[in-house]
Structures are given as structure tokens and as C-alpha cells.
Amino acid sequence: MANTLITLPLEIVHHILKYVDPKDLASVARTCWVLQRCVVRDRLLWREVWGMCFDTPNGGIGKQEGNEFDFERELKEFVRVRGILTNERSSVEEKVTRLPTIASFTSKLLQTASAKDSKNMAILRQWFDEKRDKEKRDNIEAFLCQSTTFARSRIRSEEERSGGVSTAVGFESRQASAKLHVHYGTPIFCPRRTKYNQAYPYAISMVYDLRNYTEETLWGPYLADGQASVDWEKMEAVMIVLGWNLRVFMEQSSGGGVFGPRSIWREPWVGASPGSYDAGKCGVPQALPEGVVDYYEIQGTWLRVVCFLDFHDLFAYNFTSESDPPPSEPRPALNTNEAIRLISMELRVVRCEPPGPNDGQELPVVFFEGTAKSMHMQWDPNANSRLRGSVRLTREGEVRWQSVSVYGGEERWASEGIQVGGLRSARGVLGHWFDKDHDIHGPAGPTAFWKVNDHLDDGEDYDSEEEDDDWTEDPEEILEAIASIVGFQADLG
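If you read the sequence shown in UniProt numbering, its first letter stands for residue 1, the second for the next number, and so on.
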């Protein structure tokens, strides 16, 4: 076979070899020195083999900019990662030890994914399939459910309770797992019914623990370093809490089983990559002010969801406990009910400024103004307002959103969030809202918003003190909007 192959012109050998599975290229190279030279020295071959399996990287923010993509190295890493994820003999505990490897490679696939018909997304869905045979369930538990929230919800065995066995993972692995779950995008409430309690009470305890809203964390879902470094465990908790409340809202509303055609958060991994927002389907964007560039594709209509506790419940949870936990320990699991608001926002870009010394330097800071209107409670004065804010890159390269709600000319609520998937992603923003004066007593809570289209009304900015008759309380319209947000995984069996 080899003798026949090596007699062919090198162009034909190259064409044949690009269809070989990456794992088998090493075996081909060991066959003889001619094929070894064809494999080892042919840089174009590695690129084309990658292209048979994955999307070809195009560069740009977050896509190894400034560095040539090493196709040979990444294909070898792919073989290693695939072996881990498809090994049916490995236990969950064994797979957990490979979490950094899986997280790193998955991040590369997300950052280099094509906006349409992505091979990267297809293979990620194969590895973390929602159909959930045992292998896929193990992958989801081992790599997406190792954060503090799931560690707290885990049902301890007698040996674990006695201290004989430790299942704890380190800080970096917890962050990596939470980041994978957030990018996976479909909230997981219970990885295994026999091994876990519901994660929601533990996620909500993180979201409403007001000790997390400090000057060091900038009151957002950040680490306490003052640099807006993302705390992915906080982001994960926000996603779980919002997902839980949206599911409850759907179940309690008539027609709760209806699901609309839009599915930004319903399919795993969808929209969690740079440039995945599809502006082409939304018509021609309205003109920007002269000299202004909308680097982040801010301008247009966005949907927002906000949840909050009754203020008395929030205060009691944080300030009336007889034994306050140490700063390094979480508050107890919280079982309570939250309120939910679905809001439509129209945002207009107004100006750009150079990045500050604490910002990422690749793009300017872009400022916006706009309006927010409640979709299902027109009378709610806290949902109808003017908005102003900014978008910038962090030093880590994440896309950071800041906004303030303005009522009757006075600022009231502020928010901090990170765009999941990076620049111009379809998934949108997860984060915190809080009192603009940073009152240590709150209120505060979780929020998310994502872009729907590039359309803007031609009307004047909304003032919450004025009447507005344009909004419907049609339950089908509201349910369809909510159904476009999140697909739910109550448990994985």
C-alpha cells in the first residue's frame, strides 16, 4: 500500500492525506521516510486537516491575534482531548483531573467558531450532547459542574462526610468549569438526581449575598481585584438563577409549553462565540452620529430580564442572622421566591473615547443612551426609564457593559456585566444590577440582556413619568419572547 502511495505525485498524496483522521497521521508518518516527510514538513496539510474537522480561524479580537495559529499543535491537542471526552472507561473523578485541558481547548473552539454552520459547535454538541447517554452525562458532570455551586449541592457520601474522601477542586478548576457552563448556556439545575440536590438554592445564595457587592468587585460579577476580572462562578450563579425563574414564569403562565422560533439560549453553545450575532437578518442599521463607529454592535433593540428579592427578605438574609459566616464561607442555601421583569431596551450609540489605563487597549470605549420599557408590567416604575452607559474591553479581553437607569432625570439603578462569548456575540450579557449609590444594604440582583435586532423607533426618548400606550400584555407574545431565552435542563438523569 505504502509503495503504491509513494509513487503518486506529491500533490495527490497531499490530497489523500487531508482526509485521514488526525490520530492516524502519526501512524502514516511512521510508515516510511517519504510519507514522514509528506506529513511532518507539509504545513498546508495540517491546515487542511484542521479545516476538515473544524472552522478555519480568521483572526481578530480573542482569536490568537498577533500569533499564527499552530494547526499541527492544535490537531495533536484535539486528539488528546477527544480521547478524554470519548473514553467510556474513565470515571467522572478521573475526567475531572483533565478539566484544565478540556477548558483550554474548548475555549479555542469557541473563539475560532464560524458564525454560521459552525463545525466547532457541532463537535462540542457531540461531546456534550443534550441527549445525555452515559458518556455525555459524565462529560457534563465532570467538566461543567465542578464549581462551588455544584460542590455545595452535591449529596455527600458517608465517607465524604467523615472526611475520608475529598472531592474538592481548586480555584482555577472551579472557575474553568463555571466558564464552560456559562458558555454552554443551557442552565443545568441538577447534574445527577442520585448525586446532587437542586443547584438553585446555592446559586441564589451567591447572587443575593451582598458581601459580593463591594468596591473591590466593582459591584459586578468580578473577582475582588478592582480590575473587572471575571468571576465565572458568579456568572454561572446568575445564569442558573435567571434560568430557574424563567422556567417558573413559563410554568405558571397560560401556554407555558409554547416555545418561539428564536433560541439564543436554548441550544448548547449557540451564540457563545465572537461575531455570532447575525446582523444580516435584521435589516439595515440606522445611521450613527458622524465620526462614531459602533465597534460592539450596541445600537438596536435588546431584551432584558431582571430578577429581585423582596427587600425585607434580602435584608433578613444578609443582616439578621444570629451567626454570620466568615468572609471566606458562603451564606446558607436560600429557598425563596423572586420577582421577574422582562424589559425591552432601545440603545443608541452616541460617542467613542480612547480606552483608559485600566481597560483593554484593542478597542475604544463606546457610550450609548436609550430607553427601557416593561413588556409585561407597564405600570412598574422601576422597569420604564432612560438608560445611559458604556461598553469597553477589560484587560483580559472580555467585553464589559456598564449602564445606569435614569428616572425623571435622576440616576437610580446601575448594572455591570460581561458579554458571554466576546465581541458581538449573540448570547448577550450576564451580570448584576444594584443601587447606583452602592448602598451596602442593597437592593441588588441578577440581570441578563441580549440583542434582538438593529431596529430603533423614531420616537422621542421615554420618560417614566409619561403615559405610553404602545405596549401589549398579550401573554402569547410575552411567552414567545421568554421562550427565546433559555432551554432548561432540570436534571441529567
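We treat Cβ as the ideally placed atom computed from N, Cα and C, and that holds for glycine.
- Looking at the DSSP output, Asn453 sits in a beta bridge with Thr301.
- Residue pairing from DSSP places Trp401 in a beta bridge opposite Val391, Gly417.
- Membership of Leu246 in the alpha helix (DSSP H) is indicated by the continuous run 232-252.
- In this structure, the alpha-carbon of Pro355 lies about 38 Å from that of Leu44.
- Take the alpha-carbon of Gln419 and the one of Ile343: they are about 18 Å apart.
- In the DSSP assignment, Val366 falls within the unbroken beta strand (DSSP E) covering 365-374.
- By the neighbour-count criterion, in which 16 or more other beta carbons inside 10 Å mark a residue as buried, Asn335 falls on the exposed side.
- In the three-state scheme derived from DSSP, where H, G and I count as helix and E and B as strand, Tyr196 is classed as strand.
- With respect to the 7 Å criterion, Trp232 and Ala178 are classified as neighbours on the basis of their beta carbons.
- As computed with DSSP, His432 is found in a beta bridge with Glu416, Pro446.
- Restricting attention to Val365, Ala414, Glu398, Asn358, the CA atom closest to the CA of Ser385 is found in Ala414.
- The Cβ atoms of Val241 and Val207 sit closer than 7 Å to each other.
- With respect to the 7 Å criterion, Leu144 and Tyr196 are not classified as neighbours on the basis of their beta carbons.
- At a Cβ-Cβ threshold of 7 Å, Gly220 and His432 count as neighbours.
- For Val350, the enclosing beta strand (DSSP E) has its first and last residue at 339-353.
- When secondary structure is reduced to three states using DSSP, Ser173 falls in the helix class.
- Within the same chain, Cβ atoms closer than 6 Å to the Cβ of Cys352 are found at Val292, Pro364, Val366, the five residues on either side in sequence being excluded.
- In the three-state scheme derived from DSSP, where H, G and I count as helix and E and B as strand, Phe189 is classed as coil.
- According to DSSP, residue pairing for Ser273 in a beta bridge does not occur.
- With 16 or more other Cβ atoms from the protein chains shown falling within 10 Å of its own Cβ, Lys234 counts as buried.
- Under DSSP, Cys307 forms a beta bridge with Ile340.
- In the structure shown, the three-state DSSP call for Glu94 is helix.
- Within the region 113-155, the complete alpha helix (DSSP H) runs of at least 4 residues fall at 119-127, 134-144, 148-153.
- Burial is judged here by how many other beta carbons sit within 10 angstroms of a residue's own beta carbon; Ala113 has at least 16 and is buried.
- Residue pairing from DSSP places Tyr407 in a beta bridge opposite Glu410.
- When the beta-carbon positions are compared, Pro443 and Phe315 stay at least 7 Å from each other.
- Rounded to whole angstroms, the Cβ separation of Glu362 and Leu393 is 6 Å, and the two are in contact under 8 Å.
- Straight across, the Cα-Cα distance linking Ser107 with Pro57 is about 13 Å.
- In this structure, Val349 lies near Leu288, with their beta-carbon atoms less than 7 Å apart.
- Per DSSP, the unbroken alpha helix (DSSP H) holding Ser104 starts and ends at 99-111.
- Spatial neighbours of Asp138 in its own chain (CB-CB distance under 8 Å, excluding positions within 5 residues in sequence) are listed in chain order as Ser90, Ser91, Val92, Lys95.
- Taking Pro357 as reference, the option from Met375, Ala228, Tyr295, Ser374 with the minimal CA-CA separation is Ala228.
- Nearest in C-alpha terms to Ala199, of all of Glu329, Asn212, Tyr213, Met239, is Met239.
- Residue range 33-40 is occupied by the alpha helix (DSSP H) that includes Gln36.
- Its chain contains Tyr296, Val391, Leu393, Ile418, Gln419, Gly422, Leu423 as the residues whose beta carbon lies nearer than 7 Å to that of Val399, once the 5 sequence neighbours on both sides are disregarded; these appear in chain order.
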